[in-house]
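With the numbering used here applied, the sequence shown covers 1 to 202.
Beta carbons: idealized from backbone N, C-alpha and C, even for Gly.
Keep in mind that this is a model prediction, so the values were computed, not measured.
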Amino acid sequence: MFESGSTTKLFFKTIKRTHVNKLIIASIVYVSMLSGCAMERSVSKAADSRACATNYSTEGEFWAGKKFKTFQDFPKTSKAAAFDSLVSVIASSGYQIVSSNKESGIISAHQTVTSGQGKTVPLNAVIQDNASGGIRVELIISLSGGIAASADTVQDEFCKMLGSVSQSKTEPAAAPKETIAPPEEAAPKVIKKSKRKLRKAK
């Protein structure tokens, strides 16, 4: 998913003007093709109405580093349930969990860069309570300079992770209520009349 970039320096001793012109024209055509492809991808992704896509954004550039992020609100999901789902899907997506804290709702992970000489790409998932109820999950991937990644691929990865979070609130089953038997009423005392007849005092 993530690849390390490389630079190739070209040295020319003598180049005819015609060759230079051809190189310039070829470069313009190449850039135009890239722009066209970028516009086409943007249009296709703009049609995606999912929250993970509409809230998706990127900043930075290749040499200085790029950041990809998105977020999604889950009005009926608990923080604990979302945390468990995200830890599972992040680990199964090829990331190594570095640290996680269910109480704070933060998961930190990274993935090794292909041909990156040991470089890693950090992924952070942050789960926060919303004031209006439910939670918000934010995903952030940060690339250092010289590491390339397709914006569309990262978006798809984000949407897969957020798609693993249930939209319904999962709560632990309530313990059965203990039935307390009503206190037994004491049986009425039976007063036995004495068989002896009371003699009237004379």
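8 Å CB neighbourhood of residue i in its chain, flanking five on each side removed
i, result
"T153", "M1"
"V89", "K160, M161 and S164"
"S100", "F83, V87, I106, I107 and S108"
Anticipated Cβ contact below 8 Å, residue i with residue j, distance rounded
i, j, result
"I135", "F74", "5 Å"
"K119", "S144", "7 Å"
Spatial neighbours of residue i in its chain, beta-carbon cut-off 6 Å, leaving aside the 5 residues before and after
i, result
"S85", "S164 and V165"
"K67", "E59, G60 and S142"
"Y56", "T70 and Q155"
Same chain, Cβ closer than 7 Å to residue i, neighbours up to 5 away in sequence not counted
i, result
"K76", "G134, Q167, S168 and K169"
"K102", "A80 and F83"
"I15", "Confidence is the limiting factor: at I15 the pLDDT is only 34, short of 50, which leaves the residue's position unreliable, though a coordinate-based value still follows. So no residue of the chain qualifies."
"S49", "none"
Of the residues the options, the one placed nearest residue i, counting alpha carbons only
i, options, result
"G65", "P122, A109 and I127", "P122"
"T70", "K119, W63 and A53", "A53"
"S108", "I147, Q72, A51 and Q96", "Q96"
"A148", "G60, N55, A91 and A47", "G60"
"S104", "V137, G94 and S92", "V137"
"G94", "S78, S100, V113 and N130", "V113"
"F62", "N55, V98 and G146", "G146"
Short Cβ contact (9 Å threshold) for residue i with residue j
i, j, result
"T58", "A151", "yes"
"A51", "Q72", "yes"
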